[in-house]
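Below is one structure; the comments refer to it alone.
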Amino acid sequence: MFEHFRLFFICVFQINVFFDTIPLSIKLKEHPVFLIFMQIAVISIFKSYPTVGNIALYMAFLPAWNHLYRFLRNIVLVSVVLLACSALFPVLWHLWIYTGSANSNFYYSITLLFNVAQVSGLEWAAQLGRLALGQASSV
Numbered sequence: 001m002f003e004h005f006r007l008f009f010i011c012v013f014q015i016n017v018f019f020d021t022i023p024l025s026i027k028l029k030e031h032p033v034f035l036i037f038m039q040i041a042v043i044s045i046f047k048s049y050p051t052v053g054n055i056a057l058y059m060a061f062l063p064a065w066n067h068l069y070r071f072l073r074n075i076v077l078v079s080v081v082l083l084a085c086s087a088l089f090p091v092l093w094h095l096w097i098y099t100g101s102a103n104s105n106f107y108y109s110i111t112l113l114f115n116v117a118q119v120s121g122l123e124w125a126a127q128l129g130r131l132a133l134g135q136a137s138s139v
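Quick look at the structure:
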């Protein structure tokens, strides 16, 4: 239906990751581990169909900053939303693909909620990074 826009959307979504790399690299040039963490998180957020493996890759970096967990806000809410979405992904995919009783909008809405939770999680990870790197004056 929108086949003539296909190349445009592919370019916009793929180039967006590269545009995020430049400011992150400039800001975090002295902290390459945190740069890798942020870049992997941004890449996994912009994937069209997220998987648990994408989020597990960058969440594996979080124990490096475990002494800063006490400063986190909304960690319970973000964790519950990510777990609920991870449980609903296979259920809604099965309903959509195999049984035909649901349509793609159900799966798409869970994908959006999952990405909102990832962005919220990335926000508190950035707060952790500012604390860990000494770039924040107050919490």
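Taking this note's numbering, I'd label the letters of the sequence shown as residues 1 to 139.
Note that beta-carbon positions come from the ideal geometry of N, C-alpha and C, so glycine has one too.
Here's a check: name, in chain order, each residue in its chain whose Cβ is nearer than 7 Å to the Cβ of residue i, leaving out the five neighbours to either side.
i: Leu92; result: Ala102, Phe106, Tyr107 and Ile110
i: Ser138; result: Any reading at Ser138 needs caution, since the residue's pLDDT is 45, under 50, leaving its predicted position unreliable; the model's value is listed next. Here the set comprises nothing.
i: Trp31; result: According to the sequence provided, residue 31 is His. The question's Trp does not apply to it. Only Leu133 meet the Cβ criterion.
i: Val17; result: Val42, Ile43 and Phe46
i: Arg73; result: Trp124
i: Phe89; result: Ile110
i: Leu7; result: none
Below 6 Å CB to CB, which residues in the same chain sit around residue i once its five sequence neighbours on both sides are set aside?
i: Met38; result: Leu24
i: Leu128; result: Trp65 and Leu68
i: Gln118; result: Ile45
Let me make sure I understand the geometry here. Which of the options has the alpha-carbon closest to that of residue i?
i: Leu77; options: Ala60, Leu95, Ser104 and Val116; result: Val116
i: Val80; options: Ile40, Leu57, Gly100 and Phe114; result: Phe114
i: Phe13; options: His4, Ser48, Ile36 and Ile40; result: Ser48
i: Ala84; options: Phe19, Leu112, Ala126 and Cys11; result: Leu112
Could you give the C-beta distance for residue i and residue j, rounded to a whole number, given that I count them as a contact under 8 Å?
i: Ser86; j: Val52; result: 5 Å
i: Phe71; j: Leu122; result: At roughly 16 Å, the Cβ-Cβ gap does not stay under 8 Å, so Phe71 and Leu122 are not in contact.
For residue i, which residues of its own chain have a beta-carbon under 8 Å away from its beta-carbon, when the five flanking residues on both sides are left out?
i: Trp96; result: Ala102, Asn103, Ser104, Phe106 and Tyr107
i: Tyr58; result: Phe37, Ile40, Ala41 and Ser44
Practice prompt. May I have a chain-ordered list of the alpha helix (DSSP H) segments no shorter than 4 residues that lie completely inside the segment 3-41?
Written response: 6-27
Discussion item. Restricting to runs no shorter than 4 residues, where is the alpha helix (DSSP H) found entirely within the segment 35-105?
Written reply: 52-59 and 75-94
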